[in-house]
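Data first, discussion second: the structure below is written as structure tokens.
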Amino acid sequence: MSGTVRTRFAPSPTGFMHVGNLRSALYEYLIARVSGGQFVLRIEDTDQKRQVPGALEAIYATLEQCGLQHDEGPDIGGPYGPYVQSERLEHYRDEAEKLIAGGHAYRCFCTAERLEYLRWQQEGQSFQGYDRHCRDLDPDEAAARAAAGEPCVIRQRMPLEGQTEFVDAVYGRITVDNSELEDQILLKSDGFPTYNFANVVDDHDMHITHVVRGSEYLSSTPKYNLLYEAFGYEIPTYVHLPLILGKDGQKLSKRHGATGFTELVEAGYLPEAILNYLLLLGWSPGDTEEIFSLAEMEQAFTISGLSRSPATFDYGKLLWFNQSWLRGEEPEQFARRCRGALEDALGREATDAELELAGRMLQPRLERLTDIPAQLEWLQELPEDYDLGLFTHKKMKTDAASSRLMLERLRAGLAALESWTEEEIHAFLLAAAKEQGVKNGQVMWPLRIAISGRSVTPGGAVELATLLGRKETLRRIDLSLDRLAGLRS
RNA sequence: GGCCCUAUGGUCAAGCGGUCAAGACGCCGCCCUCUCAAGGCGGAAUCGGGAGUUCGAUUCUCCCUAGGGUCACCA
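Below, the structure is given as structure tokens:
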């Protein structure tokens, strides 16, 4: 066997792409990449009842958006296809027959009703599971019954005594008594393999060297090993991952908030930020680095950095990663993200200068992409009935009366400015403050309130006025002046 | 309930016998400042409990406790 590391992401198209799945895919991808190996995509569609339309497309789209490029898969082929389990049915059947022939599996004719009755009867007992009713049927007789059309499943014949142990790359040595293991179903009566069986067969066929999956599979791993042994296949390296929990310590689910990749993207999170957060949720680089691009992850990732304890998904920290990624973007690229909302607010096309300014204003303040419109809301129009109390600011030493005076003084100067540029407006206002012997805030505050009508804006008076344009700025000053005048008389 | 896994601040976590127990998010304060952010500086906050082993346990062992996982013709 070659020493090339091969991992696979094997989702089943039964729903949206959960962040837990995505994190598994990321780790699988990284384990392969960090050692120059291959990352395989395999679709596990053995549950015909739970197929969800569109789920497959979502898987491809998510992988694509995240940059987790696979080397082999249903869409691009590869040497060990097909990569869709429903296209490999014959093969599983043959493999199951092999096991029967070797005495490692047997046909079981128990009905669903009988099994249900069994479960009901076993409630509270220590060993719950199949009672091995068909385990000792004569193989030839069983084969004949099956051939005659009697529905049956194929079960794995577990050893009744002894122990099975395996070494997991993150959890270490794990030992389980064989008496704990159920004679699990390998092939269902509809001819489809179960997940456990198809997994082993496919992982072997596809030369997967590292089986990476959630720790919920930890306790069923001994069954896998027994299967590998029954086949005489080499056992892969297991890498079990700690689970992701919600705020309440329960397994992360919809009720904790958005848990699907698509949902998060729609909520304004960047794929880079989501991936970055997921990377650190269960893995540590060992140093204090926190921001990782995919390329950087490919350099830094180590299996030994994986954590064993479950991690709580923290939306607050995800938000911080999102902000960090947003701030780190090239200003031009960030500005482009603002174009749509800016033009909506403006009601017309934006100039390059306006776009640049808007980007500069929002980039350090944005938490999510979806917040852009709200950040630009002040641009739309001056709220007609904003609270005049906003003019009163203790630290700035301003109030409605002083603001009125200030605005009256400022108005003419602004109207007379040679050009309406950020620099010029800025210079003018600073000069005005100096001239009047007041602090900058005493001219900036009233102006900002007068033209925005808001206590909080994504920028100061200068930026606001610049983006508003001279005409609109003066119009808003007049509007505010009118209201301020009405206060007195 | 049986079995398996886990256990450092509210959260993610470094630590791998001797540390004043990193760092980050969040929180609080200060600075900067035309508001809010961003940025800078500082602060509060952690080894679940009990036995061992050892000169010395956060670190090793055992027990307890707590949390999680798993016991399907689902993956």
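Heads up, the first sequence is in our numbering, so the first residue is 94 and it goes up one at a time. Glycine included, every Cβ here is placed at the ideal spot set by N, Cα and C. Computed from a prediction, not measured in an experiment: that's the story for all the values here.
Residue environment, residue i, which counts as buried when at least 16 other CB atoms sit within 10 Å
i      : result
Asp168 : exposed
Pro335 : buried
Tyr185 : buried
Val260 : exposed
Gln426 : exposed
Val294 : buried
Asp480 : exposed
Gln468 : buried
Glu206 : exposed
Leu411 : buried
Met94  : Residue confidence is low: Met94 scores 45 on pLDDT, short of 50, so the model does not pin down where it sits. No coordinate-derived value is stated.
Asp296 : buried
Glu183 : exposed
Ala125 : buried
Arg212 : exposed
Gly113 : buried
Asp138 : buried
Pro424 : exposed
Residue i versus residue j: straight-line alpha-carbon distance, rounded
i      : j      : result
Leu510 : Ile518 : 8 angstroms
Leu253 : His111 : 38 angstroms
Leu574 : Arg497 : 6 angstroms
Leu338 : Ser512 : 57 angstroms
Gln277 : Gly171 : 31 angstroms
Cys203 : Cys227 : 7 angstroms
Leu500 : Leu577 : 10 angstroms
Arg135 : Ser117 : 14 angstroms
Leu483 : Glu515 : 24 angstroms
Gly222 : Gln215 : 8 angstroms
Glu556 : Asp380 : 40 angstroms
Ala267 : Pro315 : One point to set straight first is that residue 267 is Ile, not Ala, in the sequence displayed. Those two C-alpha atoms are separated by around 9 angstroms.
Glu243 : Phe285 : 16 angstroms
Phe132 : Leu459 : 35 angstroms
Gly562 : Asp464 : 23 angstroms
Gly130 : Tyr310 : 24 angstroms
Gly433 : Glu356 : 21 angstroms
Glu474 : Ser545 : 8 angstroms
Glu180 : Lys281 : 16 angstroms
Thr566 : Cys159 : 43 angstroms
Ala520 : Leu507 : 11 angstroms
Arg453 : Tyr326 : 59 angstroms
Trp471 : Asp492 : 21 angstroms
Ala323 : Leu192 : 7 angstroms
Pro104 : Asp283 : 21 angstroms
Arg568 : Arg541 : 13 angstroms
Gln416 : Lys142 : 41 angstroms
Leu123 : Ala524 : 57 angstroms
Asn292 : Pro403 : 24 angstroms
Distance between beta carbons of residue j and residue i, contact taken as under 8 angstroms
i      : j      : result
Phe406 : Leu345 : 5 angstroms
Arg99  : His333 : With 8 angstroms as the limit, Arg99 and His333 do not qualify as a contact, their Cβ atoms being about 18 angstroms apart.
Arg461 : Gly361 : 3 angstroms
Arg429 : Gln456 : Their Cβ separation, rounded to whole angstroms, is 12 angstroms, which puts Arg429 and Gln456 out of contact at 8 angstroms.
Gly353 : Phe109 : 4 angstroms
Ala451 : Trp418 : No, Ala451 and Trp418 are not in contact; Cβ-Cβ is about 19 angstroms, not under 8 angstroms.
Leu435 : Ala446 : In fact, because the Cβ distance is near 12 angstroms, the residues do not count as touching under 8 angstroms.
Cys201 : Arg250 : Actually they are not in contact, since the Cβ atoms of Cys201 and Arg250 sit about 10 angstroms apart, beyond 8 angstroms.
Leu368 : Leu387 : 7 angstroms
Leu279 : Ala189 : 5 angstroms
Extent of the continuous beta strand (DSSP E) run through residue i
i      : result
Thr268 : 265 to 270
Cys159 : Taken as a continuous stretch (DSSP letters only), Cys159 belongs to no beta strand (DSSP E), being part of the alpha helix (DSSP H) at 148 to 159.
His197 : Premise fails: His197 is in no beta strand (DSSP E) and is neither H nor E.
Gly307 : 303 to 307
Val133 : 131 to 134
Val145 : Counting along the chain, Val145 falls outside any beta strand (DSSP E), and DSSP gives it neither H nor E.
Leu334 : 330 to 334
Phe102 : 99 to 102
Endpoints, alpha helix (DSSP H) assigned at residue i
i      : result
Ile465 : 465 to 468
Tyr120 : 112 to 127
Thr559 : 554 to 561
Ser402 : Element bounds for Ser402: n/a, residue is neither H nor E.
Val549 : Per DSSP, Val549 belongs to no alpha helix (DSSP H) and is neither H nor E.
Glu322 : 314 to 324
Met454 : 445 to 455
Ser417 : 408 to 421
Pro424 : 424 to 439
Leu462 : Run containing Leu462: none; DSSP gives neither H nor E here.
Inside the region 476 to 545 only - alpha helix (DSSP H) runs reaching at least 4 residues: Complete alpha helix (DSSP H) runs here, min 4: 493 to 509, 515 to 529, 533 to 545.
Start-end ranges of the alpha helix (DSSP H) lying completely within the region 362 to 393, minimum 4 residues: Taken in chain order, the unbroken stretches of alpha helix (DSSP H) that lie wholly in the region 362 to 393 and span 4 residues or more are 364 to 373, 387 to 393.
3 or more residues per run - each beta strand (DSSP E) lying fully within the region 233 to 296: Secondary structure in the region 233 to 296: the beta strand (DSSP E) runs of 3 residues or longer, each lying completely within the stretch, are 246 to 249, 256 to 261, 265 to 270, 278 to 280 in chain order.
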